[in-house]
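Residue numbers (the numbering used here): 2 to 1139.
Notes follow the structure.
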């Protein structure tokens, strides 16, 4: 800090004072917020709720605001700006963030900063809040009542003091005395909850922000008040009210926003998914950035955490994460689930993520060979801004270097394929996202759906112009002009009809229709409906101006096409792509000839994207539109959203080349070599550099560094918006003046020094042949630095060209049968006459079964749905597995214990499913790996609590004559940080009167958890479960380590033989580093006695664990012993009686 001379004063509500924050030159507001949140011990997740506001104003700065060394700074306040749906989850998620929220609310109440609260209406409540806070100070800080009462002005609203000063002290004394004399003693958290509960009732719109601007109303400029509050009951999101009016107009929800553009004249354009854009002019640029950063922040915290709505307010940390392909501070559970869902835990796949508990810490969750679950490795940032991890203890200059150094399959932890963040991640970072509870709309909603839905059109209402048909390029369909007649009205339409000789392709045609017919966008050719007669046909809108490429090439049109027209055409294409992505649709044939001109006037140039048609094989010329990762399997481009963005760039190239296609080539190998070498099509003659920059970003070799459709749309429209009014007023001569700063891919600015007029009399050939490119400058080479990871990719290519595409081609495509973007039909199963189960996504799988997260919905809509886990067998399950499943269900139906996962029901048709309670934190094995760093501080007390929970549950099973046979950390589920439950009874058996079970079938068994008698004779009993319990405790105290007696990787049969020999010779697992010696000697070791009769029972183990806890092992919780005994005595006894 000695080297930092510049500072800014920031008011902190927890300290009720300003603090100086020193910073480096060019530090951003986000840097300041992070530094302060570190100081306040607010974690990396919830720090995103905070912002910096100019002191004593309602104006905020954006996170990308830069503090320049030497420039004078204003004072600021650090505030929670973005409201979560319920603050009640804050204490368990981030107590220090909760405490800051409490202090902020208290400050606002005392200083009358809450518009909803007025003295006239709320004087009694204001006094009550003050007394509650006095009571809190006494309990939390040990201050005497006398001292608190003498300083009562610190706690009571200034409005109350101003209006009620003489009479306030006596009621305060009376109320405070009553609180302190009550028999019920409340803790600090309860008191703060009570304060905030009361505050919520008084100020339901707290943190809503209000702005004053001007907007157009019927051709007249009027003042308007804008309020942004996503949680408003009447108008959630953005609402506005014209000056002099009382009625509020709802503009849109936060998730209906598309992008925001801003100009230096203080004008902001808000573009929504549906509806025309809205324009506001603000009083100052500070108001503009304050307003835009508010919408952008809520959009990131509610809809897409990885996306900024406005390109002029890019979040600095988000830009860094994107360059690293690194996730934000997502939870480890989410990361593990994503690796399972997206890559099926394929070896070498990994996720790089920020720690959700510590700053400057990263984790790599990687799928290792021969492991069914990912492993987690910690990466620490050194004071020198270098990085190290425990795998090799090397020091790396950057995270990129660390990843690149461990990319080989021979690495101890091979980091082969990164699974990057996605806009559609539904992670714990969406802090402000509300639960998706659709309102019951009754008949009105369904009538609206009927109006918007496409139609099955009676062919008798269609007229077709004879002789006016055209064969489609796919040779399978024909296009005919016609009229659609409804009564006396006629609409010109186009029929896209399946040709009679291709009737066998009807199913494919209907598949195409099913995608296209439900799209509703002004940028996509409208499909009015379908005809179901033979032949089937799509009924499409008629756009007489035809394909865009032909329109641009027509010399008669050339003179009327302006530069802004081409930019607007690009905007329509980007919008169409975004709408397709939102629907989970890959186009697969983005080309200039697939764009149709809807209208062209002096004020607008409207184009629409048509359907891709039937898939015909790609040819050599199509390689211009196909990305390198598709070269080995070109048809994969039809299911790759990344391929669509590459084709988007080439189509832009066509547009700005006035419809000309890239030069043809018959040599596919030279064309592939051209693009693989990093070269790209050169800039079209006179094309604006800023547009070409976007093309290059979409032509990035690495698919994950290409622009997303919404990003491309935002950036193109920002350029268009800079001259939007020129289409009305003709106040500008050119769309792209020479010195307009344009953002580039690295987030800096680019000054266009070239002549950006795109008007020309002819389109020149870009180059002659691809074989000549190696020695010419006529193409653009992007293989140099500055293109994401293209440098290492190209280096990798030079040594292993064949393997490079193997690496890429497995990774970046949508399986047509998968649900990659989260779209598609959800399965619904009827549980009984009252409940349905809706499957939401797979959360785990084994060899024979899969587990899904589901929603248990009552047919009565008012009943709150319940999250459940659904276990169902794979179709390939053999009869013996079905018998195991039957037995598992039969056993679980008999169980009821607080430490055993409960059963909700069973579905037998159409698939056999077991419905169980959903346990949110997953398996204990994964939980220990993910949260090991956090748990280490109190691991002894926590792990003993886990041991007690497991032994209590197993004692109960023993009393029911049940052996589990698969007790392991992977089959223990975590309810919360202090509670676990036993699950997975797939191998469990009733022992009956014999007290043991003899294995009757050959099968794969968890050898490392089995007792000697189970390995040698297939004999299972309560005592063999005790052995497995000891192994499970080893897993727990070693934070999920594999319980291997031998380091050798052996086949099943050899491992079985060696395990028996080692155990008979007395070899046992060592005492884990974090395990107290007393626990190992008195609890774990007795479980591993060779003779089963010498092992303790689970009742013995429960008593031993409670005894150790009572003898002084630190628990980190004074209620631990009491809670544990109460849980054991009441829970187990009551269950045994059942």
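We put the beta carbon where it would ideally sit given N, CA and C, even for glycine.
(message) Between which residues of its own chain and residue 845 is the CB-CB distance below 6 Å, once the five residues before and five after are set aside?
(response) Excluding its 5 nearest sequence neighbours in each direction, residue 845 has C-beta neighbours in its own chain below 6 Å: 852, listed in chain order.
(request) State the beta-bridge partners of residue 497 as determined by DSSP. (result) According to DSSP, residue 497 bridges with 480 and 539.
(message) Which of the three DSSP states is assigned to residue 917 in this structure?
(response) Strand at residue 917.
(request) Just grab the DSSP bridge partners of residue 870 for me. (result) Note: residue 870 sits in a beta bridge opposite 854 and 917.
(request) Output yes or no for whether 8 Å exceeds the beta carbon distance between residue 955 and residue 931. (result) Against a cut-off of 8 Å, the Cβ pair of residue 931 and residue 955 comes out as no contact.
(request) Excluding the 5 residues preceding and the 5 following residue 348 in the sequence, name in chain order all residues of the same chain whose CB lies nearer than 7 Å to its CB. (result) Around residue 348: 368, 369 and 370.
(request) Mark residue 83 as exposed unless 16 or more other C-beta atoms lie within 10 angstroms of its C-beta, in which case mark it buried. (result) In summary, residue 83 is buried, with 16 or more beta-carbon neighbours lying within 10 Å of its beta-carbon over all protein chains present.
(message) Taking its Cβ as the centre, do 16 or more other Cβ atoms sit within 10 Å of residue 791, making it buried, or is it exposed?
(response) Annotation note: pLDDT 36 at residue 791 (below 50); position unreliable, coordinate value reported separately. With 16 or more other Cβ atoms within 10 Å, it is buried.
(request) Would you identify the three-state DSSP class for residue 328, choosing helix, strand or coil? (result) It is a strand residue.
(request) Figure out for me which residue from 1013, 200 and 1087 has the closest Cα to the Cα of residue 1058. (result) Ranked by Cα distance from residue 1058, the options 1013, 200 and 1087 are led by 1013.
(message) I'd like the ranges of any alpha helix (DSSP H) spanning at least 4 consecutive residues and lying wholly in the stretch 378 to 416.
(response) List check, alpha helix (DSSP H) in window: 400 to 406.
(request) Could you please give the first and the last residue of the uninterrupted alpha helix (DSSP H) stretch that includes residue 16? (result) Where residue 16 is concerned, there is no enclosing alpha helix (DSSP H), given that its DSSP letter is neither H nor E.
(message) Which residue wins for smallest C-alpha separation from residue 547, given the options 239, 539, 507 and 593?
(response) In terms of CA proximity to residue 547, 593 leads the group 239, 539, 507 and 593.
(request) In angstroms with no decimal places, state the Cα-to-Cα distance between residue 1044 and residue 356. (result) Rounded to whole angstroms, the gap between the alpha carbons of residue 1044 and residue 356 is 27 Å.
(request) Please say whether residue 180 and residue 302 have beta carbons closer to each other than 8 Å? (result) The Cβ atoms of residue 302 and residue 180 do not sit closer than 8 Å to each other.
(request) Determine the DSSP secondary structure at residue 142, reduced to helix, strand or coil. (result) The three-state reading of DSSP puts residue 142 in helix, counting H, G and I together.
(message) Does the CB of residue 622 have a neighbour CB from chain C at under 8 Å?
(response) Absence of chain C from the displayed structure is noted, only one protein chain being present.
(message) By the DSSP assignment, the beta strand (DSSP E) with residue 224 in it spans what residues?
(response) Unbroken beta strand (DSSP E) run through residue 224: 221 to 230.
(request) Determine the contact status of residue 945 and residue 1110, defining contact as a CB-CB distance below 8 Å. (result) Cβ atoms of residue 945 and residue 1110: closer than 8 Å.
(message) Which runs of the beta strand (DSSP E) at least 3 residues long sit entirely within the stretch 591 to 627? Give them in chain order.
(response) Listed in chain order, they are 596 to 601 and 606 to 610.
(message) For a quick check, are the C-beta atoms of residue 531 and residue 514 less than 8 Å apart?
(response) Yes, the Cβ-Cβ distance between residue 531 and residue 514 is below 8 Å.
(message) In whole angstroms, give me the CA-to-CA distance for residue 693 and residue 315.
(response) Note on geometry: alpha-carbon atoms of residue 693 and residue 315 lie some 21 Å from one another.
(request) Going by DSSP, name the residue or residues bridged to residue 836. (result) Bridge partners of residue 836: 859.
(message) DSSP three-state label for residue 700, please.
(response) Secondary structure of residue 700 (DSSP, three-state): coil.
(request) Please determine, among 41, 50, 911 and 1036, the residue with the shortest C-alpha to C-alpha distance to residue 97. (result) The option with the nearest alpha carbon to residue 97 is 41.
(request) Give the straight-line distance between the Cα atoms of residue 742 and residue 328, rounded to the nearest whole angstrom. (result) Residue confidence for residue 742 is low, a pLDDT of 40 falling below 50, so the modelled location carries little weight and cannot support an answer.
(request) Just grab the DSSP bridge partners of residue 722 for me. (result) Paired residue(s): none; residue 722 is not in a bridge.
(request) Spatial neighbours of residue 211 within its chain, please: CB distance less than 6 Å, with the 5 preceding and 5 following residues excluded, ordered by chain position. (result) These residues qualify, in order along the chain: 228.
(request) State yes or no: is the C-beta of residue 969 within less than 8 Å of the C-beta of residue 1029? (result) By the CB criterion at 8 Å, residue 969 and residue 1029 fall inside the cutoff.
(request) Taking only the alpha-carbon atoms, compute the straight-line gap between residue 478 and residue 627 and give it to the nearest angstrom. (result) Each residue's alpha carbon lies about 24 Å from the other.
(message) Looking at residue 1085: is its Cβ nearer than 8 Å to the Cβ of residue 1021?
(response) No, these two residues do not count as a Cβ contact at 8 Å.
(request) Take residue 987 and list the residues in its own chain whose beta-carbon comes closer than 7 Å to its own, dropping the five residues that flank it on each side. (result) Excluding residues within five positions, the ones whose Cβ falls inside 7 Å are 885, 889 and 967.
(request) Could you name the residues of the same chain whose beta carbon sits closer than 6 Å to that of residue 959, not counting the 5 residues immediately before and after it, in chain order? (result) Excluding sequence positions up to five before and after residue 959, its CB lies within less than 6 Å of the CB of 1023 and 1099, all in the same chain and listed in chain order.
(request) Using beta-carbon positions only, say whether residue 947 and residue 974 come within less than 8 Å of one another. (result) Not in contact: residue 947 and residue 974 (Cβ atoms no closer than 8 Å).
(request) Between the Cα of residue 590 and those of 618, 573, 600 and 606, spot the shortest distance and give me the residue it belongs to. (result) Answer by Cα proximity: 618.
(request) Identify the continuous alpha helix (DSSP H) that holds residue 253 and give its terminal residues. (result) No alpha helix (DSSP H) contains residue 253, which is instead part of the beta strand (DSSP E) from 250 to 253.
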